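2 protein chains.
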Amino acid sequence: MQSRTPASRTGRPRSAAADTAILAATREALVELGWSKLTLSDVATRAGVAKTTLYRRWAGKNELVVDAVAELFDELELPDLGSLAADIEGVVLQFAAILARPEARSGLMAVVAESTRDDALRERIRASIVDRQMRLVLQGRARAQHRGELPPEPDPEQAARTVDLIFDMVAGAVVHRTLVSGKPADGEWVHSFIRVLLLGLVGASRTP
Amino acid sequence: MQSRTPASRTGRPRSAAADTAILAATREALVELGWSKLTLSDVATRAGVAKTTLYRRWAGKNELVVDAVAELFDELELPDLGSLAADIEGVVLQFAAILARPEARSGLMAVVAESTRDDALRERIRASIVDRQMRLVLQGRARAQHRGELPPEPDPEQAARTVDLIFDMVAGAVVHRTLVSGKPADGEWVHSFIRVLLLGLVGASRTP
DNA sequence: AGCTTTCGCTACGAGTCGTAGCGTAATGCC
DNA sequence: GGCATTACGCTACGACTCGTAGCGAAAGCT
Numbered sequence: 000m001q002s003r004t005p006a007s008r009t010g011r012p013r014s015a016a017a018d019t020a021i022l023a024a025t026r027e028a029l030v031e032l033g034w035s036k037l038t039l040s041d042v043a044t045r046a047g048v049a050k051t052t053l054y055r056r057w058a059g060k061n062e063l064v065v066d067a068v069a070e071l072f073d074e075l076e077l078p079d080l081g082s083l084a085a086d087i088e089g090v091v092l093q094f095a096a097i098l099a100r101p102e103a104r105s106g107l108m109a110v111v112a113e114s115t116r117d118d119a120l121r122e123r124i125r126a127s128i129v130d131r132q133m134r135l136v137l138q139g140r141a142r143a144q145h146r147g148e149l150p151p152e153p154d155p156e157q158a159a160r161t162v163d164l165i166f167d168m169v170a171g172a173v174v175h176r177t178l179v180s181g182k183p184a185d186g187e188w189v190h191s192f193i194r195v196l197l198l199g200l201v202g203a204s205r206t207p
Numbered sequence: 000m001q002s003r004t005p006a007s008r009t010g011r012p013r014s015a016a017a018d019t020a021i022l023a024a025t026r027e028a029l030v031e032l033g034w035s036k037l038t039l040s041d042v043a044t045r046a047g048v049a050k051t052t053l054y055r056r057w058a059g060k061n062e063l064v065v066d067a068v069a070e071l072f073d074e075l076e077l078p079d080l081g082s083l084a085a086d087i088e089g090v091v092l093q094f095a096a097i098l099a100r101p102e103a104r105s106g107l108m109a110v111v112a113e114s115t116r117d118d119a120l121r122e123r124i125r126a127s128i129v130d131r132q133m134r135l136v137l138q139g140r141a142r143a144q145h146r147g148e149l150p151p152e153p154d155p156e157q158a159a160r161t162v163d164l165i166f167d168m169v170a171g172a173v174v175h176r177t178l179v180s181g182k183p184a185d186g187e188w189v190h191s192f193i194r195v196l197l198l199g200l201v202g203a204s205r206t207p
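For the protein sequence lines, the chains are W and R, in the order given.
Quick note, the first sequence lines up with residues 0 to 207 if you use numbering that gives the first Met the number 0.
Quick note, the second sequence lines up with residues 0 to 207 if you use numbering that gives the first Met the number 0.
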């Protein structure tokens, strides 16, 4: 979050209710107005707080939207459905459901675009959104290796590269399908995609 | 392009030099300022034209940037390197080189984000950017089937789904690697990626 | 109590937007 | 050549947003 309240203990504390109201108002404004027409004055009005309160907590529109969108990914969890393919399909369908929501569609791509020119923003996105997804990949891979569905990776550097590759392939394909092609990442599509991905990974691990 | 000059033949024609100057100035402004701080007044000054000229040709910032970025993808071609894997690696490296340029990074994602709320803009992006990439996938697939590297697809509906899937996987992975993960899609990464992709596609086509 | 920080409110200069109006320049048609 | 038509450069405009400053009141802690 944006709060930096580890040391300062004295004085009136910041309203936690205002935080949730502001983030909810931001998502509401994203749905109705989209990224470019969203103004902080409008968000403040919707949340029932003063505009100055927004500027005390967030540096600008970018940081606010990152936090508002990041909360959407809180629900993301790796289910245990018995097989690697089923687990991945489950989590990818969750991911696709989040990306189908208009507040995620219009907000996420916009802040990613901004982050190409702002390293601090890129780091904020990595910490609050991307890392959580990456953790799911690591978790699923470890579970699959324990089950014997994927071979163990002795070289840690090679393992890191493989995890990065899987992550970019999964997240990239779902995002591109949803936001660029504009078609739904439904059950049928996810099933085909995961089949190709797993066959490729297993095949690549057999012939190094 | 934005020109609609099929019927109107009389009157002073639009300066073609102004078009190229404006689009070049737009890319220059994208590099220096990024999407959010780019203003049409600034572009007009850089291009040496009046601001009103910009508004006569483009509806707004979105449409202008789409056209400016689209020109970057003109150079994209499918090389003939003897094998499907080599061909794909070649074109993916071209694609990655374009995405590595700052004017593409900051511009492309921004207009895609805007297009989630603007169907006309989405269609413009599809026609001027996405379709060209899709054609490369079709071309490569046909050539590979002719070589026998990929099995022929009797069902046209199934073939269309497969092409869509390949397109989202390739473009999505490269874009995600470059813009979200922030790491270069260099030769080593592309090689690993294509290997997984092709092994998966061949494997999936064998066990339908 | 006293101290500290946050809150809501108002106001402000600076900057951008998109458009209108004007006189001038460059074409095609007669 | 003259005429209609369209594009161009320029200026100016109201409306809007931005981010900040200053104020008095409120809400905690010691």
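A virtual CB, placed ideally from N, CA and C, is assigned to each residue, including glycine.
Since the structure is predicted, the reported quantities are computational estimates derived from the model, not experimental observations.
Do we get a CB-CB distance below 7 Å when we pair residue i with the residues of chain W?
i      : result
R/S180 : yes
R/L200 : yes
R/M168 : yes
How big is the Cα-Cα spacing for residue i and residue j?
i      : j      : result
R/L75  : W/L196 : 26 Å
R/A43  : R/A67  : 14 Å
W/R142 : W/L83  : 8 Å
W/P12  : R/A46  : 52 Å
R/G81  : W/R100 : 44 Å
W/G202 : R/T161 : 19 Å
W/G147 : W/V90  : 20 Å
R/R205 : R/A126 : 34 Å
R/R26  : W/P153 : 46 Å
R/L213 : W/V136 : Any property of residue 213 of chain R remains undetermined from this structure, which presents chain R solely from 0 to 207.
W/Q144 : W/P150 : 6 Å
Near residue i, which residues of its chain fall below 7 Å by C-beta distance, leaving aside the five closest residues on each side in sequence?
i      : result
W/A170 : Q132
W/A24  : V42, R45 and A46
W/D167 : none
W/V173 : V91, F94, A95, L98 and A184
R/I21  : V42, A46, V48 and L53
Any beta carbon of chain R sitting closer than 7 Å to that of residue i?
i      : result
W/S191 : yes
W/E111 : Checking the sequence, you will find Val at residue 111 of chain W rather than Glu. It does: the Cβ of W/V111 has a partner Cβ on chain R nearer than 7 Å.
Let me know if residue i comes out buried or exposed under the rule of 16 or more other beta-carbons within 10 Å of its beta-carbon.
i      : result
W/E156 : exposed
W/G139 : buried
R/G199 : buried
W/A184 : buried
R/D130 : exposed
W/D79  : exposed
W/A95  : buried
R/R134 : exposed
W/S40  : exposed
Classify residue i as helix, strand or coil using the three-state DSSP reduction.
i      : result
W/L63  : helix
R/D185 : coil
W/L178 : helix
W/A99  : helix
R/W57  : coil
W/P155 : helix
R/A218 : Residue 218 of chain R lies beyond the range of chain R shown here (0 to 207); nothing can be said about it.
W/G10  : coil
R/D117 : coil
W/D79  : coil
R/A109 : helix
W/L37  : coil
W/P5   : Legend: pLDDT at W/P5 = 44, less than 50; position of this residue unreliable, no value from coordinates given.
By Cβ distance, which residues of its chain are closer than 8 Å to residue i, with the 5 residues on each side in sequence left out?
i      : result
W/L120 : N61, E62, V65, V110, E113 and S114
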